[in-house]
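S.K.:
Residue numbers (this note's numbering): 265 to 365.
#1: Taking a contact to mean a Cβ-Cβ separation below 8 Å, would you say residue 309 touches residue 347 in this structure?
#2: How would you call residue 343, buried or exposed, if buried means at least 16 neighbouring beta carbons within 10 angstroms?
#3: Does residue 269 come out as helix, strand or coil in the three-state DSSP assignment?
#4: If you scan the region 301–328 from start to end, which runs of the alpha helix (DSSP H) of 4 or more residues do you find wholly inside it?
#5: Kindly indicate which three-state DSSP category residue 347 falls into: helix, strand or coil?
#6: When you compare the region 325–336 with the region 294–306, are there three or more beta-carbon pairs, one atom per stretch, that lie closer than 8 Å?
#7: Leaving aside the five residues before and after residue 335 along the sequence, list all residues of the same chain whose C-beta is less than 7 Å from its C-beta, in chain order.
#8: What would DSSP say about residue 335, mapped onto helix, strand or coil?
#9: Mind checking who residue 287 pairs with in its DSSP beta bridge?
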């Protein structure tokens, strides 16, 4: 699992029937600091209701996702597994002064 930033929606005119009525997002995986980019953006299935600008937790474990949502023959790989609370700050303050803010 990895934290990612939702860049926006992906729209397709043709897709696998297992992905019909599934919202697709363009997400930028983030490094451990929660800010730096980690690779190229990916297309992610969203069953959680995330929106552009939000941080989400994504997984590339397609087999687990297919089992979780009952999708036997789906090409689904990436999906949103959770929404990151906006008040969550993965980077600790650098000084006591910053901690008081």
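Glycine residues also receive a C-beta, built at the ideal position from the N, C-alpha and C atoms.
On a predicted model such as this, the values are computed, not experimentally measured, just so you know.
M.R.: Let me lay it out:
#1: In the chain shown, counting from the first residue as 1, residue 309 sits at position 45. In the chain shown, counting from the first residue as 1, residue 347 sits at position 83. No, the Cβ-Cβ distance between residue 309 and residue 347 is not below 8 Å.
#2: Here residue 343 corresponds to residue number 79 of the chain shown, with the count starting at 1. Label assigned to residue 343: buried.
#3: Taking the chain shown and counting its residues from 1, the one referred to as residue 269 is at position 5. In the structure shown, residue 269 sits in a strand (DSSP, three-state: E or B).
#4: If we require 4 residues or more, the region 301–328 turns out to have no alpha helix (DSSP H) run fully inside it.
#5: Within the chain shown, the letter at position 83 stands for residue 347. In the structure shown, residue 347 sits in a strand (DSSP, three-state: E or B).
#6: In the pairwise beta carbon analysis, the region 325–336 is classified as not touching the region 294–306: fewer than three pairs are separated by under 8 Å.
#7: Taking the chain shown and counting its residues from 1, one reaches residue 335 at position 71. Correct list, in chain order: 282.
#8: Position 71 of the chain shown, counted from the first residue, corresponds to residue 335. The answer is coil: DSSP assigns residue 335 none of H, G, I, E or B.
#9: In the chain shown, residue 287 corresponds to position 23, counting from 1. Residue pairing from DSSP places residue 287 in a beta bridge opposite 310.
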